[in-house]
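Participant: Numbering-wise, the sequence shown is residues 1 to 417 according to the numbering used here. We put the CB at the ideal spot given by N, CA and C, even for glycine. Just so we're clear, the structure is a prediction, and the values are computed from it rather than from any experiment. Supplied in structure tokens, the structure appears directly below.
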Amino acid sequence: PGSIPGDDECADTLTCPAPMYFQNGEYVGVYSNNANISLIKGDEDFGLDAVEDFFKYPLGNWEDLGPFKVALNFDISYDQDIFYYCHIHEGMTGRIKLLDADGIMLNKKDTPEIPYEYDVVDTEFDKTCGTFNTTAWQLPNDQCVKNFVCDSEQSSSIFKTCVDAMDCHMMASMTTNAGEGGIQALFCRQMIPHHQNAVNMAKSLLKHGKLEWSCERDDRGEKPVGCRLLPILYDIINGQNRQIQKMQKVLKQLEVEEFSDCKVSYDAPSENSPSEDSPSEDGRFRRITEKLEAPNRHLASVYEKGIACTPCADTTGDCEIKVKVNFFASETGYFEIHGCEGVSPTLHLTVGRTYYFDQSDINNWYHLLGISYEHDGSMEPGSIPGDDECADTLACPAPMYFQNGEYVGVYSNNGNI
1 PGSIPGDDEC
11 ADTLTCPAPM
21 YFQNGEYVGV
31 YSNNANISLI
41 KGDEDFGLDA
51 VEDFFKYPLG
61 NWEDLGPFKV
71 ALNFDISYDQ
81 DIFYYCHIHE
91 GMTGRIKLLD
101 ADGIMLNKKD
111 TPEIPYEYDV
121 VDTEFDKTCG
131 TFNTTAWQLP
141 NDQCVKNFVC
151 DSEQSSSIFK
161 TCVDAMDCHM
171 MASMTTNAGE
181 GGIQALFCRQ
191 MIPHHQNAVN
201 MAKSLLKHGK
211 LEWSCERDDR
221 GEKPVGCRLL
231 PILYDIINGQ
241 NRQIQKMQKV
251 LKQLEVEEFS
261 DCKVSYDAPS
271 ENSPSEDSPS
281 EDGRFRRITE
291 KLEAPNRHLA
301 SVYEKGIACT
311 PCADTTGDCE
321 IKVKVNFFAS
331 ETGYFEIHGC
341 EGVSPTLHLT
351 VGRTYYFDQS
361 DINNWYHLLG
371 ISYEHDGSME
381 PGSIPGDDEC
391 ADTLACPAPM
401 YFQNGEYVGV
411 YSNNGNI
């Protein structure tokens, strides 16, 4: 409201034109230059701070909190263009031309200038795949292996052809010189194409996967595949694209180029002259293939699991158990309990004693602890196995979830809570 270029008096009173942000049908700011929305008032609060973080919430929460709208009443004379853009992702700016009451354009020039070129999909292949910058990496390609998808039944699949090109782009792009900038730059140069591959793959499945948003359960109680996959695809596309831009900023801050490619060839060498300088399927990838020939081979784990542990063994009364996640113990990670050895310890808990599982550690994000009667199951007040009468009264033992120190449920089997 006070940031218009020039010397307009509205800047002093914080009444210059500004977007007004709505959540679930209500304006959430204080400022207004539109009496039909709210009392005319100058203020710095136009609702942005109230809604911006919601756009970073998980998709389902964002949907529940919305819908969101932006109102704009540009009500002063101004001889330049204005723009719309994304608060989270860069490179999405669009121009707005202002017209007077008679429909006359106030600025016939495109000023101010947008200081970058737009990334565009400019080939039929990328258009068909739903991807970006994969056309030049279609197979066969002398920087890639013969194929990435080996199932002959998929040989004529559009998605298979697209995946082959995506993977070739990623593999060739991740073949980089160490270059300047140290390991931070090397990490970004490796991770950017890795993320780009994830984004391309998610977008291609979104285009060809025939996934639907319906989450109604079938006769077996299963949710449709689309209900599970679509939030993942959107999370990959939006989240990893944002991370790509952050890593590009890191490289810029380090004052190094985004790309430092060292081109390699995967043309097979002659039978008697293997080339170490030009790794091939028969050379570099032979070692990888040999590893994959024994996919079920078990290796000794460096993280011991299942060690018996009795929390609060030396105390009486309520017991607080501090929980965190060790991400390095497996592909998805395992829980660790403070004071217990190893990962996924076998906990010994006393009947009738109250235990508080403290998940305040940041590693618990996306890892809400559940208690169940079966592995990966659920424990609810009426779900005890057998014929116990507590099932009829919904009074069977069940976990009770706390937020910010307060119990947020209704059920209770503990008079102290």
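So, does the stretch 224-232 touch the stretch 71-84, judging by three or more C-beta pairs under 8 angstroms?
Facilitator: No, because fewer than three Cβ pairs between the stretch 224-232 and the stretch 71-84 fall closer than 8 angstroms, the two stretches do not touch.
Participant: Which one of Glu90, Ala18, Asn73 has the shortest CA to CA distance from Ile244?
Facilitator: Looking at the Cα atoms, Glu90 is the closest of the given residues.
Participant: Where Lys419 and Asp314 are concerned, what is the direct C-alpha to C-alpha distance, given to the nearest angstrom?
Facilitator: The first residue shown for the chain is 1 and the last is 417, placing residue 419 beyond what the model contains.
Participant: Got a sec? Which residues, its chain only, sit under 6 angstroms from Leu72 by beta carbon, not counting five neighbours each side?
Facilitator: Same-chain partners within the cutoff: Pro19.
Participant: To the nearest angstrom, how far is it from the Cα of Val323 to the Cα of Glu336?
Facilitator: When rounded, the distance between both Cα atoms is 6 angstroms.
Participant: Counting only the same chain and skipping the five closest in sequence on each side, list residues whose C-beta sits under 6 angstroms from that of Leu186.
Facilitator: Excluding residues within five positions, the ones whose Cβ falls inside 6 angstroms are Ala178.
Participant: Taking Val250 as part of the alpha helix (DSSP H), name the residues at either end of that continuous run.
Facilitator: From DSSP, the alpha helix (DSSP H) with Val250 extends over 241-253.
Participant: Looking at Met171 and Cys188, is the spacing between their C-beta atoms short of 8 angstroms?
Facilitator: Not a contact, by the Cβ cut-off of 8 angstroms.
Participant: Quick one: Cα of Asn241 to Cα of Asp235, how far?
Facilitator: Straight-line Cα distance between these residues: approximately 10 angstroms.
Participant: Indicate whether Cys319 and Arg353 have their beta-carbon atoms separated by less than 8 angstroms.
Facilitator: Yes, they are a contact pair.
Participant: Give me the Cα-Cα distance between Glu44 and Gly306, rounded to the nearest whole angstrom.
Facilitator: Spanning the two alpha carbons is a distance of roughly 56 angstroms.
Participant: Cα-Cα, which of Leu349, Cys340, Tyr407 is closest to Thr316?
Facilitator: Answer by Cα proximity: Leu349.
Participant: Do the stretch 91-106 and the stretch 129-147 make contact, defined as three or more Cβ pairs closer than 8 angstroms?
Facilitator: No: the two stretches stay apart, fewer than three of their Cβ pairs being nearer than 8 angstroms.
Participant: If the criterion is Cβ atoms closer than 8 angstroms, does the pair Thr455 and Cys262 meet it?
Facilitator: In the structure displayed, the chain extends from 1 to 417; residue 455 sits before or after that span and is not available.
Participant: Does Phe74 come out as helix, strand or coil in the three-state DSSP assignment?
Facilitator: If DSSP states are grouped into helix, strand and coil, Phe74 belongs with coil.
Participant: Look up Asp261 in the DSSP assignment and say whether it is helix, strand or coil.
Facilitator: DSSP places Asp261 in strand when its eight states are reduced to three.
Participant: Return helix, strand or coil for Leu349, following the three-state DSSP convention.
Facilitator: Leu349 falls in the coil class under three-state DSSP.
Participant: For Thr393, count the other beta carbons within 10 Å of its own beta carbon; 16 or more makes it buried, fewer makes it exposed. Which is it?
Facilitator: It counts as exposed.
Participant: Out of Lys127, Gly181, Ile237, Cys162, which one is the CA nearest neighbour of Lys252?
Facilitator: Nearest C-alpha to Lys252: Gly181.
Participant: Do the CB positions of Gly42 and Tyr27 come within less than 8 angstroms of each other?
Facilitator: Contact: no.
Participant: If you measure between the beta carbons of Asp75 and Asn33, is that distance less than 8 angstroms?
Facilitator: Result yes, Cβ atoms of Asp75 and Asn33 sit closer than 8 angstroms.
Participant: Using DSSP's beta-bridge definition, name the partner residues of Phe176.
Facilitator: According to the sequence provided, residue 176 is Thr. The question's Phe does not apply to it. Paired residues: Asp261.
Participant: Which of the three DSSP states, helix, strand or coil, is assigned to Val225?
Facilitator: In the structure shown, Val225 sits in a helix (DSSP, three-state: H, G or I).
Participant: Would you decide whether Thr15 is buried or exposed? Buried here means 16 or more other CB atoms lie within 10 Å of its CB.
Facilitator: Buried, since its Cβ has 16 or more Cβ neighbours within 10 Å.
Participant: Nearest by alpha-carbon distance to Leu206: which of Lys127, Val264, Lys223 is it?
Facilitator: For Leu206, the nearest C-alpha among the options comes from Lys127.
Participant: Have a look at the DSSP bridge pairing and note the partners of Ser32.
Facilitator: Answer is Lys41, bridged to Ser32.
Participant: Is Pro17 helix, strand or coil when you go by DSSP?
Facilitator: Three-state result, Pro17: coil.
Participant: Straight-line CA distance for Phe68 to Trp213?
Facilitator: Approximately 20 angstroms between the Cα atoms of the pair.
Participant: Let me know the beta strand (DSSP E) ranges lying completely inside the stretch 51-129, each 3 residues or longer, listed in chain order.
Facilitator: Taking only runs of at least 3 residues, the beta strand (DSSP E) segments lying wholly in the stretch 51-129 are 68-72, 82-84, 94-96.
Participant: Tell me the DSSP secondary structure of Ile158 in three-state form.
Facilitator: Residue state, collapsed to three classes: helix.
Participant: Use the C-beta contact count for Phe22: other C-beta atoms within 10 angstroms, 16 or more gives buried, fewer gives exposed.
Facilitator: Looking at its Cβ environment, which holds 16 or more other Cβ atoms inside 10 Å, Phe22 is buried.
Participant: At the level of alpha carbons, what is the spacing between Phe125 and Cys162?
Facilitator: Going from the Cα of Phe125 to the Cα of Cys162 covers about 8 angstroms.
Participant: Looking only at C-alpha atoms, which of Val149, Glu341, Pro397, Leu139 sits nearest to Ala165?
Facilitator: Answer by Cα proximity: Leu139.
Participant: How would you label Val343, buried or exposed, when you count the other beta carbons within 10 angstroms and need 16 or more for buried?
Facilitator: Classification for Val343: buried.
Participant: Taking the alpha helix (DSSP H) that Lys203 belongs to, which residues open and close that run?
Facilitator: Where Lys203 is concerned, the enclosing alpha helix (DSSP H) stretches over 182-208.
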